[in-house]
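The structure appears below as structure tokens.
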Amino acid sequence: MKRIPATKAVILLMASAGAALAANAGQPLKYPMTREMHNPLFVEFPSPMYGSDSIGRLFTADPSGHVWADGRFYIYASHDMEPAYGCDRMDRYHVFSTDDMVNWTDHGEILSSADVKNQSGWGIEGWMWAPDCAYNPANGKYYFYFPHVNEPLPWGGHDWRTGVAVSDDPAGDFHMAGYIEGAPQLFDPCVFVDDDGQPYFYNGGCGWCAGGKLRRDDWTKLDGEMQRMEGLVEFHEGPWIHKYNGKYYLSHSDDHGADGNQLRYAMSDSPLGPWEDKGVYLYATGCGTSHGSIVEYKGKWYALYHCNNPSGKDELRSVCIDELEYNPDGTIRPIHNWGTPAGEMLMLPAAGESLTVNAVNYNNGGTNYAYYKNGGDAPEKASSTSGDYITNIHKGDWMRYSVNARNEGKYDITFKAKAQEPGTAFHLSVNGTKVSGDVVIDTPADRFAEITVEGVTINPDVEYIDLRGDNGTLDMLAIVITPSKQ
Numbered sequence: 022m023k024r025i026p027a028t029k030a031v032i033l034l035m036a037s038a039g040a041a042l043a044a045n046a047g048q049p050l051k052y053p054m055t056r057e058m059h060n061p062l063f064v065e066f067p068s069p070m071y072g073s074d075s076i077g078r079l080f081t082a083d084p085s086g087h088v089w090a091d092g093r094f095y096i097y098a099s100h101d102m103e104p105a106y107g108c109d110r111m112d113r114y115h116v117f118s119t120d121d122m123v124n125w126t127d128h129g130e131i132l133s134s135a136d137v138k139n140q141s142g143w144g145i146e147g148w149m150w151a152p153d154c155a156y157n158p159a160n161g162k163y164y165f166y167f168p169h170v171n172e173p174l175p176w177g178g179h180d181w182r183t184g185v186a187v188s189d190d191p192a193g194d195f196h197m198a199g200y201i202e203g204a205p206q207l208f209d210p211c212v213f214v215d216d217d218g219q220p221y222f223y224n225g226g227c228g229w230c231a232g233g234k235l236r237r238d239d240w241t242k243l244d245g246e247m248q249r250m251e252g253l254v255e256f257h258e259g260p261w262i263h264k265y266n267g268k269y270y271l272s273h274s275d276d277h278g279a280d281g282n283q284l285r286y287a288m289s290d291s292p293l294g295p296w297e298d299k300g301v302y303l304y305a306t307g308c309g310t311s312h313g314s315i316v317e318y319k320g321k322w323y324a325l326y327h328c329n330n331p332s333g334k335d336e337l338r339s340v341c342i343d344e345l346e347y348n349p350d351g352t353i354r355p356i357h358n359w360g361t362p363a364g365e366m367l368m369l370p371a372a373g374e375s376l377t378v379n380a381v382n383y384n385n386g387g388t389n390y391a392y393y394k395n396g397g398d399a400p401e402k403a404s405s406t407s408g409d410y411i412t413n414i415h416k417g418d419w420m421r422y423s424v425n426a427r428n429e430g431k432y433d434i435t436f437k438a439k440a441q442e443p444g445t446a447f448h449l450s451v452n453g454t455k456v457s458g459d460v461v462i463d464t465p466a467d468r469f470a471e472i473t474v475e476g477v478t479i480n481p482d483v484e485y486i487d488l489r490g491d492n493g494t495l496d497m498l499a500i501v502i503t504p505s506k507q
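In the working numbering, each residue carries its 1-based index in the sequence shown increased by 21.
Here it is, written out as structure tokens:
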């Protein structure tokens, strides 16, 4: 039995979507286009690939949700360009809308870095990150706010500006109207319009967030100086403001580190704080970054965010949306995006006992919630003399298992697994947080071996554990959980 300390343990589209991409190859894309789709969203829409005439999948991130007077739900998102490279190639924006949360319309490209340069004379190629949009009823205009680099700086940084484009149409025909002068050189703009019509502007990054008023008569200009938002905990980037029952909420990504950002939120009696942190409302999704928004539509509240499930790459992300619920005191319940137990809830064992979880008994709830299988509808199952098991687990595949801990404690978690090729690796996560490092099986085998990750902390707040493939091809028979010996 191989033991590894917990702290040191070392894409496809559905056939119809693939056919649609093939049909679009070599032809101009025609918008709007509408398709039925579910999480992760928009990847089945076609998109030009970077530096090529080829057509690939559409990868989107950093969703800002809004409901306008036409009764449709709109999403303004940044655009990750395929093939995967980095955030510097993000050079255009699309807008999407729906009236039933099932059939989504891609209205096409609304702005690019070339448009900014041609219309305003500033900016470089790429570097168009998380946007937002706001509607001014006084003049009937839609204001599209986006962070963009004006020019690289001599010492290696970037001269960030928040550009503003204006349109009479929420889904297109945006034209440059300048940028927010005097705003901190941060990114991820958010514009919140209070009940009295006062617009507020926020941006953030590099560990801090700023907010201030916009002029009522000109939504491209600040009304006074912006100020630091006080009281936030582990602020990373991506501020979003919404209001519920008279309280203001500032949500943002946190400094969760290499495991991937979580989304936190804080509450206040004022749109400019001070803020009181209320904790995490979305666990890490396995993607290196997280960025979200919170919106009400037709009597329900929704949380928007992104993941990297379809691509397995942090540079190619996909927007997701799930219902959000409040507690009676106004706090937000964590977004339940891990499915439900396949049988009875798995109660973690007491000292001297153990719990065996058959790998095939992963949660119910379907793809993107209970599991994800790249290139397939569900994890593949097989049988042996040892019992049923999950086979052909590859990089980016995962399964989740709901657990319930009576008390906080440390547990040794043993995997009954075998590799089909050298260098096969996987890892264990708890509530989306990687806790094991890469568990590597160097030698393929015909039989299942036991590999133990020791000292994994699980407390009563833990909702689920998940198993994720990192490399090679893995078969998994069972997971055995035993309290660590103190």
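The beta carbon of each residue, even a glycine, is placed where N, CA and C say it ideally should be.
Query: Residues near valine 254 in its chain [Cβ-Cβ closer than 8 Å; skip 5 each side]; Result: Asp275, Arg285, Ala287, Asp298
Query: Outcome for leucine 449 when other beta-carbon atoms lying within 10 angstroms are tallied against a minimum of 16; Result: buried
Query: Cβ-based burial, glycine 490 [other Cβ within 10 Å; buried from 16]; Result: buried
Query: Cα-Cα separation, proline 292 to proline 370; Result: 46 Å
Query: Beta strand (DSSP E) segment containing valine 187, residue limits; Result: 179-188
Query: Of the residues Arg421, Gly294, Gln283, Pro49, the one placed nearest glycine 77, counting alpha carbons only; Result: Pro49
Query: Glycine 373 versus Cys308, Pro504, Pro465, residue with shortest Cα-Cα distance; Result: Pro504
Query: Pair within 8 Å by beta-carbon distance, isoleucine 411 and lysine 402; Result: yes
Query: Threonine 81 versus Met149, Asp496, Gly476, residue with shortest Cα-Cα distance; Result: Met149
Query: Cβ neighbours of alanine 399 in the same chain (closer than 6 Å, five flanking residues each side left out); Result: none
Query: Rounded separation between tryptophan 419 and lysine 394 - CA only; Result: 7 Å
Query: 3 or more residues per run - each beta strand (DSSP E) lying fully within the segment 222-283; Result: 229-236, 239-243, 256-265, 268-275
Query: Rounded C-alpha distance that separates glutamate 251 from tyrosine 270; Result: 13 Å
Query: Interface flag, phenylalanine 195 vs chain C, CB-CB below 8 Å; Result: Of the protein chains in the structure, only one exists, and it is not chain C.
Query: Inter-residue spacing [alpha-carbon to alpha-carbon] between tyrosine 114 and cysteine 154; Result: 12 Å
Query: Asparagine 384 versus Trp296, Ser404, Leu488, His128, residue with shortest Cα-Cα distance; Result: Leu488
Query: Own chain residues within Cβ distance below 6 Å of alanine 36, not counting five before or after; Result: With a pLDDT of 41 at alanine 36, under the threshold of 50, the predicted position of this residue should be treated as unreliable, though the coordinate-derived value follows. Excluding residues within five positions, none has a Cβ falling inside 6 Å.
Query: Outcome for lysine 321 when other beta-carbon atoms lying within 10 angstroms are tallied against a minimum of 16; Result: exposed
Query: Beta-carbon spacing of proline 53, glycine 129 below 8 Å; Result: yes
Query: Cutoff 7 Å; reference alanine 363; Cβ partners in own chain excluding five residues on either side; Result: Asn382, Tyr383, Asn384, Asn385
Query: Own chain residues within Cβ distance below 8 Å of aspartate 209, not counting five before or after; Result: Asp83, Trp150, Ala151, Pro168, Asn224, Gly225, Gly226, Glu258, Gly259, Pro260, His312
Query: Spatial distance of histidine 179 from arginine 421 (CA atoms); Result: 40 Å
Query: Span of the alpha helix (DSSP H) around alanine 135; Result: 134-141
Query: Cysteine 211 - DSSP class collapsed to helix/strand/coil; Result: strand
Query: Straight-line Cα distance separating aspartate 136 from glutamate 344; Result: 35 Å
Query: Cβ-Cβ distance between methionine 368 and phenylalanine 436 below 8 Å; Result: no
Query: Any beta strand (DSSP E) of 3 or more consecutive residues that is wholly inside the segment 316-380; Result: 321-328, 339-345, 376-379
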